[in-house]
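Visitor: Sending over a structure as structure tokens; questions will come in a sec.
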Amino acid sequence: LTEDSRMTLGEWLDRWLTEYASVSVRPSTLAGYRRYAEHYIKPFLGEKVISKLTTEDIQQLYRKLKKNGRVNEHAELGRQLSDGTIRHIHSMLHLAMEDAVHARMIPVNPTNGTTVPKPSRQAKRILNDEELERFMAECRKDAIWHDFFYVELTTGLRRGEICGLMWSDIDFGAQIIHVQHNAIFTNAQTVVSSDLKTAAARRDIPIPPTLLALLTNEKDDSESSF
Numbered sequence: 168l169t170e171d172s173r174m175t176l177g178e179w180l181d182r183w184l185t186e187y188a189s190v191s192v193r194p195s196t197l198a199g200y201r202r203y204a205e206h207y208i209k210p211f212l213g214e215k216v217i218s219k220l221t222t223e224d225i226q227q228l229y230r231k232l233k234k235n236g237r238v239n240e241h242a243e244l245g246r247q248l249s250d251g252t253i254r255h256i257h258s259m260l261h262l263a264m265e266d267a268v269h270a271r272m273i274p275v276n277p278t279n280g281t282t283v284p285k286p287s288r289q290a291k292r293i294l295n296d297e298e299l300e301r302f303m304a305e306c307r308k309d310a311i312w313h314d315f316f317y318v319e320l321t322t323g324l325r326r327g328e329i330c331g332l333m334w335s336d337i338d339f340g341a342q343i344i345h346v347q348h349n350a351i352f353t354n355a356q357t358v359v360s361s362d363l364k365t366a367a368a369r370r371d372i373p374i375p376p377t378l379l380a381l382l383t384n385e386k387d388d389s390e391s392s393f
């Protein structure tokens with residue numbers, strides 16, 4: 168092992184995020200990794216020397232997070248952290264420890280052999296017509312949010328795809344939206360526009376007549392404001 172094996176886990180995570188993760192993942196993913204490190208890993212294991220970290224230490228971390236790891240108390244779960252978040256933390260920590268093995272800081276990856284919660288998928292609940300009308304009635308009180316959710320409900324676009332939508336992506340003549348961009352939220356103040364992750368994510372969506380009328384009015388208003 169190298170002398171870096173004397174680093175604490177917290178020190179290694181700081182270095183890993185800066186030198187390894189920042190050049191290999193998207194800004195939004197990196198922001199999530201930093202959040203996992205600061206809020207969930209460092210408070211429990213940040214002072215532990217990385218070469219002395221054991222599989223049992225990692226397993227205890229997951230148990231503590233499951234029982235009392237949530238930063239902000241949830242109305243139903245209290246301080247319990249969701250199984251999905253623990254799985255994401257495990258995935259990130261596994262990558263960081265794997266790079267530590269390659270850097271000869273630790274002999275084996277201590278996340279190997281740990282037990283993480285299995286993914287639990289709840290059935291999606293679809294709004295009925297009455298609920299949808301009440302929802303849109305509230306949205307109509309704010310012009311921006313009304314248009315945002317109307318686009319979402321009539322096209323199925325994701326939040327990032329809607330925020331990354333440009334006028335050049337809309338073919339008014341063919342009545343088609345070309346989905347080509349995605350807005351990445353790195354923090355509360357910064358939004359970065361990027362291309363979609365995969366070629367399969369690029370797709371064309373037909374525009375319903377009511378949405379076409381809304382977008383046409385919005386475009387005319389935006390052009391007349393200059």
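Just so you know, we're using the working numbering here: the sequence shown kicks off at 168 and counts up by one.
Beta carbons are placed, not taken as given, at the ideal position from N, Cα and C, and that holds for glycine.
Predicted model, so just to flag it, every value in this text is computed and none were measured.
#1: Leaving out the 5 sequence neighbours to the left and right, which residues in its chain are closer than 8 Å to residue 192 when beta-carbon positions are compared?
#2: CA-CA distance, residue 188 and residue 197?
#3: Taking the alpha-carbon positions, what's the residue 382 to residue 309 distance?
#4: If you measure between the beta carbons of residue 224 and residue 284, is that distance less than 8 Å?
#5: Relative to the alpha-carbon of residue 268, which residue among 183, 389, 368 and 372 has its alpha-carbon at the smallest distance?
#6: Could you check if residue 168 is buried or exposed, using at least 16 other CB atoms within 10 Å of its CB as the buried criterion?
#7: To which residues does DSSP link residue 321 through a beta bridge?
#8: Look at residue 329 and residue 315 and say whether their C-beta atoms are less than 8 Å apart.
#9: When you compare the CB positions of residue 259 and residue 217, do they come within less than 8 Å of one another, or not?
#10: Counting along the chain, where does the alpha helix (DSSP H) carrying residue 194 start and finish?
#11: Nearest to residue 261 by alpha carbon, out of 246, 282 and 249?
#12: Between residue 215 and residue 180, is the Cβ-Cβ spacing less than 8 Å?
#13: Can you say whether residue 264 is buried or exposed, counting buried as having 16 or more other CB atoms within 10 angstroms of its CB?
Guide: With the given structure in hand:
#1: A distance below 8 Å between beta-carbons, with the five flanking residues on each side excluded, links residue 192 to the following residues of its chain, in chain order: 200.
#2: So the two alpha carbons sit approximately 7 Å from each other.
#3: Looking at the two C-alpha atoms, the distance is approximately 16 Å.
#4: No, these two residues do not count as a Cβ contact at 8 Å.
#5: For residue 268, the closest alpha carbon among the candidates 183, 389, 368 and 372 is that of 183.
#6: Of the residues assessed, residue 168 falls on the exposed side of the cut-off, its CB having fewer than 16 other CB atoms within 10 angstroms.
#7: DSSP, once it has assigned bridges, lists no residue as partnering residue 321.
#8: In this structure, residue 315 lies closer than 8 Å to residue 329 by Cβ.
#9: Going by C-beta atoms, residue 259 is not nearer than 8 Å to residue 217.
#10: Residue 194: member of the alpha helix (DSSP H) spanning 194-203, first to last residue.
#11: Among 246, 282 and 249, the Cα nearest to that of residue 261 is on 282.
#12: No.
#13: Buried, because 16 or more other Cβ atoms sit within 10 Å of the Cβ of residue 264.
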